[in-house]
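Undergrad:
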Amino acid sequence: MAQQSQLVATRAPHLKIRVETTLQIMSEVMIALLPATLFGIYLFGLEALAVVAAAVAAAVLTEALAERRLSGFWELIGDGSAALTGLLLALSLPPTIGPGYAAAGAVCAILFGKILQGGLGRNLFNPALVGRAIMLAVWPGMMTAYVSPVDGTTTATPLIADAFGAWEVFMGTVPGSIGETSVPLLLIGGVFLLARGRIEWRIPVFFILATVVTATLFGAEVSLHLFGGGLMLAAVYMATDWVTSPISESGQILFGIGCGIGTVLIRELGAYPEGVTYAILLMNACTPLFDRFLKRKAMGEA
Amino acid sequence: MAILTVRTVKERLEAALQRRRTRSFDRGIDLPEHKHYTADKPTETLPCPETVVVPLNQHTGETVEPIVSVGDHVVSGQKIGDLEEKWSSPVHAGVSGVVTHIEPRPFGDGTEVPSVVIKADQHQSVPEFTPRADWESLDRERILAVIKDNGIVGMAGAGFPTHINIDVRTKIPTLIVNGAECEPFLTSDHRIMVERADAVIGGARIIARVIGADHCYIGIENNKPDAIELLTEKTRDLPEFSVVPVAVKYPQGYKKTLLRAITGKEPPLGGRSADVGCIVRNVSTTAAIYDAVVLNKPLFERVVTVSGLHEITRPGNYRVPIGTPLRHILEHVGVDLEALGGYKVVRGGPMTGTAVDTLEAPVVKAATGILVMPPGAIQPAYERINPCIRCSACVKHCPIGLYPNEISQLVEAGTPEAAERLHIDECCECAICSYVCPAYRPVTDLVMEGKAILKERKRRNR
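Protein sequence lines, in the order shown, are assigned to chains P and U. Going by my numbering, the first residue of the first sequence is number 931, and it counts up by one from there. Going by my numbering, the first residue of the second sequence is number 1091, and it counts up by one from there.
#1: Per DSSP, what kind of secondary structure is U/S1114 in: helix, strand or coil?
#2: Between U/V1267 and U/N1372, is the Cβ-Cβ spacing less than 9 Å?
#3: At the 9 Å Cβ level, is P/T952 part of the contact set with chain U, yes or no?
#4: Does P/I1183 have its Cβ less than 9 Å from a Cβ in chain U?
#5: How long is the line joining the alpha carbons of U/P1156 and U/G1247, rounded to whole angstroms?
#6: So, with DSSP's three-state summary, where would you put U/N1313?
#7: Going by C-alpha to C-alpha distance, which of U/V1537, U/S1397, U/G1504, U/V1526 sits closest to U/C1517?
#8: Measure the Cβ-Cβ separation of U/V1383 and U/V1410 and say whether it is below 9 Å.
#9: How many Å lie between U/I1308 and U/A1337 at the Cα?
#10: Indicate the three-state DSSP secondary structure (helix, strand or coil) for U/L1265 in the structure shown.
#11: The alpha helix (DSSP H) with U/K1548 in it runs from where to where?
#12: Might you give, ordered along the chain, the residues of its own chain that have their beta carbon closer than 6 Å to the beta carbon of U/S1178, omitting 5 neighbours on each side?
#13: So that I know if they touch, is there some Cβ in chain U lying closer than 9 Å to that of P/W1172?
#14: Could you round the C-beta distance between U/I1254 and U/I1301 to whole angstroms and report it? I think they count as a contact, below 8 Å.
#15: Which of the three DSSP states is assigned to U/R1404 in this structure?
#16: Could you tell me which residues DSSP pairs with U/P1415 in its beta bridges?
#17: Quick one: what's got a C-beta closer than 6 Å to P/A1140's C-beta in the same chain, skipping five residues either side?
#18: Using beta carbons (cut-off 9 Å, strictly below), is P/S1011 in contact with chain U?
#19: Is U/H1487 helix, strand or coil by DSSP?
#20: Kindly confirm or deny that the segment 1398 to 1413 of chain U and the segment 1455 to 1472 of chain U touch, where touching means at least three C-beta pairs closer than 8 Å.
#21: Pick helix, strand or coil for P/C1216, following the three-state DSSP scheme.
#22: Three Cβ pairs or more, each shorter than 8 Å: is that satisfied between the segment 974 to 994 of chain P and the segment 1004 to 1021 of chain P?
#23: Within the 9 Å Cβ cut-off, does P/Q934 reach chain U?
#24: What residues in the segment 1362 to 1385 of chain U have a beta carbon less than 8 Å from any beta carbon of chain P?
#25: Give the residues from the segment 1266 to 1281 of chain U that approach chain P closer than 8 Å (Cβ to any Cβ), ordered along the chain.
#26: In the DSSP assignment, find the beta strand (DSSP E) that holds U/F1331 and state where it starts and stops.
#27: Could you tell me which uninterrupted beta strand (DSSP E) segments, each at least 3 residues in length, are contained entirely in the segment 1137 to 1217 of chain U, listed from first to last along the chain?
#28: Going by DSSP, which residues form a beta bridge with U/T1135?
#29: Looking at the structure shown, is P/S1112 part of a helix, part of a strand, or coil, going by DSSP?
#30: Of all the residues that make up the segment 1430 to 1447 of chain U, which are near chain P by a beta-carbon distance shorter than 9 Å?
#31: Around the C-beta of U/V1425, are 16 or more other C-beta atoms found within 10 angstroms, so that it is buried, or is it exposed?
#32: If you run the structure through DSSP and keep just helix, strand and coil, what is U/K1387?
#33: Within 10 angstroms of its Cβ, does P/F1220 collect 16 or more other Cβ (buried), or is it exposed?
#34: Could you have a look at U/M1463 and say whether DSSP puts it in helix, strand or coil?
#35: For U/D1199, which residues in the same chain have their Cβ closer than 6 Å to its Cβ, ignoring the five residues on either side in sequence?
#36: On the DSSP bridge assignment, give the partners of U/S1227 in chain order.
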């Protein structure tokens, strides 16, 4: 009779689930961001590396402390979502900001953007963008001071400095945040994530389309709007965050369009040159609405 | 990783096109099939078990009363439990022998069910039944009574009494015989179709008579070409029959998805397939109906697939008496019972079956298979409920088009009533949502828990 008590009697399914965990998915997003990150470090030097390292470490530690997961490296890493938040925040920061401020921003991102909203899956706003929004409000000067990778002088972002051509802005050899400048590298990662089914195509595609259309209507320089100001980083990696974007397909389309229109409106009419952060945060706030009212019909529903 | 050559790309495109052309339902999931272990193994019998334990409730409905006493001698197929109640189904002796106990026995799912325990005779004579040559002259009521009397219930897992299922008030124009058998490993329905095609067709004609159907579809997943070919051949001269190949996809064999695949119709919310003019019956059940009505043989034995990811000396399809303890079957197919620590022994399929807590659990009428799953092949028990990361995999794959993510969170929050708005009752418990969840949440368990709570509340309010 001994062997009977050892039978496992948990409920179905009795097959191993697809070997795919939250940690694996978060890691894939970070791998997708690797080319852009390395390019940023190459472009801006060790200063940029320090910012990335500080933000990632601070984000991971803040969440681990808050959730009391401290008994080992993998325990600390947890599901990997905090590290991704830290990385995304760092990539959206100017390299000159320094590791101290980057770490402070990452703590804010995890604390106010995630933990205090109920933790992973329950946060309404993208944590990295919450951190960035707080930093923009507290240190507006530092957040918008960029160093030219060519001559090392401090300039404003290309969105307000008319000194760069579309090709330079596209390739990313321009002043800007650490990971936001190289459009091709960001897109390569985006294609990888699309192929792996980690992001939905509708949000970035409609985000970009809406940006183009709105910028055209404003008579603004479309390529600057598209390739500058972290739009690609945000459209591919931030707006597509599962937790804070709609689940329904039509919701994703509306969400993308809203992000695009909002970005150009804020950039053209607002006081800040970078509208992406606030546009996405505002659309994050609309996500529950989209999820509630744009439900598909169940089988047999009239 | 497979190397992508022009040829493999072409083959993949063709396969994708073929799938688009094959009838199917929306969403669902591809599962590893695992059917090749037993698909070609003809049905065999095993040595008679020493004792059988026949539960007095193997169906949806009331537990039946024993109609034999301890010490009585019974023969195979003799009725041993019955109840004057429509919502019940009698049970029959699986072997000839002496009744030794009538008492609650472990059912395998953690509960105990009143059961009749029979010690088998040394020599089992082959039971003989007198075929009913004149079944076509029986009227509808009489056929239903014969079906009930012979204990026919849904044999694909649900155990719903057939005499209730096919007792319809209005004429139902379409019968769908369900030979999809979409769950991995299981091949018992496949063997029934290949080995007992005439019984399947005969059973279908009986059901069609009862419900007034003028057309019968036999839906079979594409991975059973021999069954499709044979049944197509056998029904060539029967214009009221069509054999319909359907795509290999889980849960193609759920009645509403198969109905959708074959007819394009969807029963309304809260409705039954009969509401859109269809009755869906599983092939094994259909053959059992033939046995009951034409051969006068009760449902006291069935074919089970014995398989799994564990090394089994003789995996296969076995005809065993209802009530046979799983222990007996596993011993005879070469499973080392002492080595099952940390294993799952599943009665039924890997997606919807029951992982039994004791090998004394019996084979029941709805047991399609017995699967031995080693620790590496099953998911570890849920230690805690992880947060949903809103990846929407469960939403994308739910065959019913529900929102398992939201429903599971409402149940978790202690407000299952809020999930009624999300049609929690429509859930078919296919377990895909748990299977695809990267956050490793027990989504299906939570949805089922919510359904159970709501059902209990409704029962109390009534």
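The beta-carbon is built from N, C-alpha and C at its ideal position, and this holds for glycine as well.
TA: Taking the coordinates as given:
#1: coil
#2: yes
#3: yes
#4: no
#5: 24 Å
#6: coil
#7: U/V1537
#8: no
#9: 13 Å
#10: strand
#11: 1533 to 1551
#12: G1151, E1152, V1154
#13: yes
#14: Contact flag wrong, Cβ pair sits at about 12 Å.
#15: coil
#16: U/P1452
#17: I1187, G1190, I1191
#18: yes
#19: helix
#20: yes
#21: helix
#22: yes
#23: Low per-residue confidence applies at P/Q934: pLDDT is 46, beneath 50, and the placement is therefore not dependable, though the value from the model is reported in the following sentence. Yes - at least one Cβ of chain U is within 9 Å of the one on P/Q934.
#24: none
#25: P1274
#26: 1331 to 1336
#27: 1141 to 1145, 1169 to 1172, 1187 to 1196, 1202 to 1210
#28: U/R1409
#29: coil
#30: L1430, G1431, G1432, Y1433, K1434, V1435, V1436, G1438, G1439, P1440, M1441, T1442, G1443, T1444, A1445, V1446, D1447
#31: buried
#32: coil
#33: buried
#34: strand
#35: T1444
#36: U/S1227 is not bridged to any residue.
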